[in-house]
Every structure is written in C-alpha cells, then in structure tokens.
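Single-structure report; data block below.
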Amino acid sequence: MTRLNQLLAGLLVVQLILAAVIFWPRPAGGQVGEPLFPGMEADQVVALTITGSDGQSVKLARTEGHWVLPEAGDYPVLEDNVSTLLQAIVGLEAERRVTQTSGSHARLQVAGDEFNRRVEIELADGSRHVLYLGSSPTFQALHIRAEGQDDVYLTSALTAEDAGVGAVDWVERTYFSVPTQEAISLTLENAHGTFQFTKEGEEWTMDGVAGEESFDAGRFQTVLSRATSVSLLAPLGTEELAEYGLETPAAVVSIETGGDAHKTYVLTVGAQDAEGSSYVKSSESPYYVRVSAAS
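Numbering (my numbering), first residue to last: 358 to 652.
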C-alpha cells in the first residue's frame, strides 16, 4: 500500500469513527429506558388539563375515586379512556431522542407556544408536570417533550387523538336511549300543536287524522328513531341557564314504553345556539346537554 493510500485509509477510519459518535443513539439525562417522568404513578394523578393547538381545552378530575368533567357539573367520564392515557404517559421513556436543542421545538410542535397537544398533569401532592405532544413524522410515531427539558423524543406509545381536547371525547356519547321496539306511544308538543302517535300491534297510527289527511309512517319512523336515541355534542352540567330556553321549550317529546318496564320518558328541547345545535334535557338525567340539530 502506498503512503497516499495509507493516508486515505486512515482518514476513512477517522470519518467512520466521527460518524458513529455523531449519529449513535444516546440517552439523555440517564440510561436508555429511563422514565420521562421518573417516579410518577397513574394512581397519583388527580387532574389532567389538555389543550389543543387552537386553544380548545378540557379538564378531567378525579373525584371520590371517579373521573369527571369538573367544568360540566362533574359529568362522568369513561374511566378506561383516562386510564389508557395515564398508563401511556407514565410508561413514556427517555429514548429515541430526536434533538437536544430548543430551537427545534417549534418545528416539531412541542414548544411552549406552539404544540399539537399540551397535557398538564396534576398529582395528589400538588406538583404539576407538562407533556407536549407534537408532530407525527411517520405512522404511529409522535414527537414528545417534557416541560423543562430541551430533549425531544419519538414515541409510539400514544397519539394526539388519545388526548382529545373536547369534552365529548371523554364521555359516553349516547345521552338518552330507549329500545325502539319497546315504545308504545309518542307525544310531540311544539309550536304547531300536540301530536299523538300510538302503536297498535306492529303498526303506528296518528291520532286525529281525518278527511283527506294521511299519516306518513316512514317519516314518523325517522322521528321515532331520533327520539329514542339521542347523542350529545357536549355535556353542560346540572344547572339550567336561561340561554337554554327550556322554560319555553321548542319541543317536548314524551315516550311511553310497555311490557314489564312500563314507563314514560320526557325529552325537553330548548333553544338553538349560534352553531345550530339544541339544548336538551332528559327526564332520565340530571345533566343538560347540547345535541346536533339532526338528532
């Protein structure tokens, strides 16, 4: 080997060593696999506040052992959804580091003022931690950062969708439900009057139909289907506000069921908001909700 070739070979070895040093994955602040939030346990968490990039936020709180929406009259939350998110958060590890520089935070959407999700975690001892969920460079990969640290990591343990910013993301969406086949009568009161429908055998009839009037059974089935299953857009709490318009409701629907579970259910429909959704109260729930105009 000539002197020149020896020199070139030596330079190649140096370059390979430098490349290995620069690009070899390195742990941040400890060993690979160290928890992103050391010592945090899911059962220590008493509140979560999740904020989206548009400023919309939702707060979840643990009250008497159950998760609720404190800003909606302690509306009950789906416990499994919260548990899944908490287990993912406490299981996050400081590995797959992407950057150590704060200048990259905004680009990766994990900056204090530019993020996809900001999750504030409150523990029983009063301490707080903040987790930023950022951009997703590939399928099932998400940039994350703990507040107070410059290091940004990739994780596949959770997605931004796991941390919804709407109250509806955390509750059972069916607000009111009665098996359609159990209904034996329906009464609708609105500005046009009172309309009574009765089930005779397997057929529905409308009281008061006379002369050339006719009963549109198909249209009624649509009304019945919507009345017996109502999905919410947002829970509002247990306090009735004047803006709900329930003192002079737009409609009142009474549904009577037969069989062993003979009972009458009442749905009161109030005013519409600026978005066209309606305020509704069921006799089966202490909570007021907003529902889609199509419900």
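Beta carbons: idealized from backbone N, C-alpha and C, even for Gly.
Just so it is clear, the structure is predicted and the values come from calculations on it, not from any experiment.
Burial state of residue i, where buried means 16 or more other Cβ atoms lie within 10 Å
i, result
"histidine 500", "buried"
"serine 440", "exposed"
"glutamine 497", "exposed"
"histidine 462", "buried"
"alanine 584", "buried"
"glycine 469", "exposed"
"valine 425", "buried"
"threonine 614", "buried"
"glycine 412", "exposed"
"valine 509", "buried"
"alanine 540", "buried"
"isoleucine 379", "Caution is warranted here: a pLDDT of 37 is assigned to isoleucine 379, below 50, making its placement in the model unreliable, and the coordinate value is therefore given only provisionally. Classification for isoleucine 379: exposed."
"glycine 627", "buried"
"leucine 598", "exposed"
"threonine 625", "buried"
"alanine 520", "buried"
"arginine 647", "buried"
"tyrosine 636", "buried"
"valine 566", "exposed"
"glycine 386", "Because glycine 386 carries a pLDDT of 43, less than 50, the predicted location of this residue cannot be relied on, and the following value inherits that uncertainty. When all chains shown are included, glycine 386 counts as exposed."
Bridge partner(s) assigned by DSSP for residue i
i, result
"serine 414", "Thr408"
"proline 433", "Val425"
"valine 587", "Phe533"
"proline 392", "Glu450"
"glutamate 477", "Thr406 and Val487"
"leucine 499", "Thr512"
"tyrosine 645", "Gly594 and Lys638"
"alanine 468", "Glu471"
"threonine 441", "Answer is none; threonine 441 lacks a bridge partner."
"threonine 420", "His423"
"threonine 456", "Val509"
Assumed close pair residue i, residue j - CB separation to whole angstroms, cut-off 8 Å
i, j, result
"valine 403", "alanine 481", "5 Å"
"glutamate 606", "tyrosine 644", "Strictly speaking, residue 606 in this sequence is proline, with glutamate absent from that position. The pair is not a contact, with the Cβ atoms about 17 Å apart (cut-off 8 Å)."
"serine 582", "threonine 544", "No, serine 582 and threonine 544 are not in contact; Cβ-Cβ is about 16 Å, not under 8 Å."
"phenylalanine 554", "histidine 486", "Rounded, the Cβ-Cβ distance is 56 Å, inconsistent with contact."
"threonine 531", "serine 588", "6 Å"
"valine 522", "isoleucine 612", "Going by Cβ atoms, the distance from valine 522 to isoleucine 612 rounds to 34 Å, so no, they are not a contact pair."
"proline 433", "valine 528", "7 Å"
"serine 634", "alanine 650", "6 Å"
"leucine 449", "asparagine 473", "With a Cβ gap of about 16 Å, leucine 449 and asparagine 473 do not count as contacting."
"isoleucine 446", "leucine 488", "6 Å"
"glutamate 471", "glycine 390", "Rounded, the Cβ-Cβ distance is 29 Å, inconsistent with contact."
"phenylalanine 552", "glutamate 641", "22 Å between Cβ atoms; not a contact."
"glycine 430", "threonine 595", "4 Å"
"leucine 590", "valine 525", "6 Å"
"valine 609", "glutamate 560", "At roughly 25 Å, the Cβ-Cβ gap does not stay under 8 Å, so valine 609 and glutamate 560 are not in contact."
"aspartate 400", "glutamine 457", "Contact doesn't hold; Cβ gap of about 32 Å is too wide."
"lysine 556", "serine 542", "7 Å"
Residue-level contact to chain D via CB, residue i, 9 Å cutoff
i, result
"phenylalanine 554", "Note that chain D does not occur in the displayed structure, where there is just one protein chain."
Contact test: residue i Cβ vs the ligand ATP heavy atom, cutoff 8 Å
i, result
"threonine 605", "The ligand ATP is not part of the structure shown, which contains no ligands of any sort."
**Item:** the segment 571-578 in contact with the segment 614-631 per 3-pair CB rule at 8 Å
**Value:** These segments do not touch.
**Request:** Answer yes if the segment 471-479 comes into contact with the segment 403-417, meaning at least three C-beta pairs across the two stretches below 8 Å, and no otherwise.
**Result:** yes
**Message:** Three or more C-beta pairs under 8 Å: does that hold for the segment 463-472 against the segment 500-515?
**Reply:** Touching, yes.
**Message:** Just to confirm the assignment: which complete beta strand (DSSP E) runs, minimum length 3, are found wholly within the segment 541-629?
**Reply:** 550-557, 560-563, 586-594, 608-614 and 620-629
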